[in-house]
Every structure is written in structure tokens, then in C-alpha cells.
Amino acid sequence: MELYGYFRSSTAYRVRIALNVKGLDCRHIPLSILAGEHKGAEYLKKNPQGFVPYFTDGDVAMGQSMAMLEYLEEEYPEPALLPADAMGRARVRQLCGIIACDIHPVDNLRVLKYIVSEFGASDEQKTAWYHHWILEGFKAFEILLQDGKSGDFCHGDDVSFADLCLVPQVYNARRFQCPMADFPNITRITENCNRLDAFIQALPENQVDYKE
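By full-length UniProt numbering, the letter at position 37 of the sequence shown is numbered 37, and the numbering carries on one by one without gaps.
The structure is reproduced here in C-alpha cells:
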């Protein structure tokens with residue numbers, strides 16, 4: 001089992017957490033995004049999108065972090081990261097979608113670099129862009145956490161995919177100094193997660209390629 005990643009990639013981060021929760025032995029292969037290692041010819045043969053993470057398990061290989069989470073859940077079901085009931089699973093996936101489909105795609109490094117290179121965005125404009133999409137998504141996420149179905153974590157009192165998506169996004173939000181005062185449930189759940197070894201071990205600063 002191998003995971004190609006980058007310490008600061010929130011998508012690789014969520015997969016690292018899943019591997020830790022499930023206690024799976026995985027070789028972590030760091031790629032420097034800043035140095036463009038994810039665009040090298042050999043890596044592109046594996047993953048034509050040239051993104052991280054990229055995951056292998058024997059003959060199984062894939063890009064896209066949410067596909068990785070689904071694979072790990074099906075192949076290594078214990079401990080479960082999805083609820084047993086259909087409505088619960090749908091709710092967790094809805095929460096994941098806010099992060100993985102609505103926030104992350106417009107706030108990742110390649111988009112930030114693009115708005116600078118193509119439109120001449122200043123540092124202030126780049127930060128404003130980042131904050132806008134984070135805060136818009138977090139507002140919806142926070143409201144959904146108030147529906148009575150959340151507990152210590154996003155869905156009840158068990159860690160789920162939703163927590164795996166949320167925690168890395170909060171990490172990045174804080175890195176970009178997004179105001180978090182309006183999101184008490186997001187903050188509380190993130191703090192609960194970050195007390196767990198699986199989350200601590202997955203922190204960017206605990207990766208072999210970490211750089212400040």
C-alpha cells in the first residue's frame with residue numbers, strides 16, 4: 001500500500017487520517033508540489049491528472065481522494081467511517097461535498113496560482129478570494145451541524161468521512177487566517193478530532209516532507 005502525497009495537501013491529509021483510523025500500514029511517498037514533482041513524466045504515467053494524492057493497494061491504483069476513502073471503507077470496513085443507515089451515509093456525504101466539491105476545488109494551490117498569473121491578482125485579492133469560498137462553505141456546514149444529528153463529531157459520536165474532510169480544511173483556513181468566530185460547532189468538532197492519535201499523526205507538521 002502506497003500513498004503519494006504532499007504534506008500540505010488537504011486531500012492527501014484526509015486520506016492519511018483514514019489510513020490511521022483503520023490502522024493500515026501504508027508507505028508514504030512525498031512529492032514536492034512547489035518543485036513540480038507531481039508534473040514529472042513518470043508520475044503522470046501513474047496519474048494523468050498530475051494531482052496528489054495517488055494511492056495503490058496491490059493491483060489497485062487510483063487518484064481522487066474521495067474515491068480512496070470509499071475504497072478503504074469497502075475493503076477495510078473496520079472501524080467504519082460511514083454510518084450504518086442510508087440517511088446517515090447520505091448526510092455524511094453531503095457534508096463531505098461541501099468541502100470536497102464546493103470549497104476545495106476553488107481554493108487549492110493551482111487555482112490561487114492561476115488567478116495571480118492570468119489575472120494579476122494581488123496578495124490581498126488572493127486572500128479575499130480564499131476567504132470568500134471558505135466562509136461561504138463553512139456557513140452552510142455550520143448550519144447543517146445544528147440539525148441535531150451531530151455529536152462529538154460531524155455525525156453523532158463516531159468519526160466519519162465528514163470529519164476527515166473538515167479537519168484539513170480548517171487547518172488551511174487557519175493558515176490563511178480566516179475568521180472562525182462564527183463557526184463554534186466546526187471549531188468544537190475540529191478540536192475533538194485533533195485530540196485523537198489518528199488525526200495527530202496525519203498533521204502536516206508530522207509528515208517527513210514538512211517545511212514551515
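Yeah, the Cβ is synthetic: ideal placement off N, Cα and C, and Gly gets one too.
Shortest alpha-carbon distance to residue i belongs to which of the options?
i	options	result
residue 66	98, 207 and 27	98
residue 196	124, 64, 17 and 118	17
residue 200	96, 76 and 167	167
residue 180	72, 48 and 141	141
Tell me whether residue i is buried or exposed, calling it buried when 16 or more other Cβ atoms sit within 10 Å of its Cβ.
i	result
residue 86	exposed
residue 206	exposed
residue 101	exposed
residue 94	exposed
residue 123	exposed
residue 117	exposed
residue 103	buried
Looking at the secondary structure, which residues open and close the beta strand (DSSP E) in which residue i lies?
i	result
residue 210	Residue 210 -> no beta strand (DSSP E), and no H or E assigned at all.
Per DSSP, which one or two residues make a beta bridge with residue i?
i	result
residue 56	2 and 61
residue 131	None, per the DSSP bridge assignment.
residue 158	155
residue 150	156
Looking at the unbroken alpha helix (DSSP H) that takes in residue i, where does it start and where does it end?
i	result
residue 27	Taken as a continuous stretch (DSSP letters only), residue 27 belongs to no alpha helix (DSSP H), being part of the beta strand (DSSP E) at 27 to 30.
residue 16	10 to 21
residue 192	184 to 193
CB residue i to CB residue j, shorter than 9 Å?
i	j	result
residue 79	residue 22	yes
residue 107	residue 133	yes
residue 1	residue 58	yes
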